[in-house]
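Data block below; observations after.
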Amino acid sequence: MKVRELWQRLLSNRFARSLLLFFSVYTFLLSIRLMGEGFELLGEGFSESLLGTISDPVSGFFIGILVTSIV
-14 MKVRELWQRL
-4 LSNRFARSLL
6 LFFSVYTFLL
16 SIRLMGEGFE
26 LLGEGFSESL
36 LGTISDPVSG
46 FFIGILVTSI
56 V
């Protein structure tokens, strides 16, 4: 059986789709939690010093975009 046929057969099953949806949401929430724990490990002082050095809102916006793209 080809892989494409296998995926079509698997996704036609309602239980399999529900399980895939649950697994996807679980993985997404787990990744959000891991990112939060990573920021906690950096320390509160790091985030305060990073935000404290930014006085211009536009530069703060671009630094926020940069940090988001890195994470």
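Residues in the sequence shown are numbered consecutively from -14, following my numbering.
C-beta atoms are modelled at their ideal positions from N, C-alpha and C, and glycine is treated no differently.
On a predicted model such as this, the values are computed, not experimentally measured, just so you know.
Task: Residue range of the unbroken alpha helix (DSSP H) whose run includes isoleucine 17 - done: Along the sequence shown, one-based indexing puts residue 17 at 32. Residues -1 to 27.
Task: Own chain, CB closer than 6 angstroms to serine 16, minus 5 neighbours either side, in chain order - done: For the purposes of this step, residue 16 is taken as the residue at position 31 of the sequence shown. The answer is none, since no qualifying residue turns up.
TODO: Work out the CA separation of leucine 4 and arginine -6 for me, nearest whole Å.
DONE: Taking the sequence shown and counting its residues from 1, the one referred to as residue -6 is at position 9. Taking the sequence shown and counting its residues from 1, the one referred to as residue 4 is at position 19. Going from the Cα of arginine -6 to the Cα of leucine 4 covers about 14 angstroms.
Open item on the list: Less than 8 angstroms between the beta carbons of arginine -11 and leucine -4, yes or no?
Closed with: As a working mapping, residue -11 is identified with position 4 in the sequence shown. As a working mapping, residue -4 is identified with position 11 in the sequence shown. Not closer than 8 angstroms, so no.
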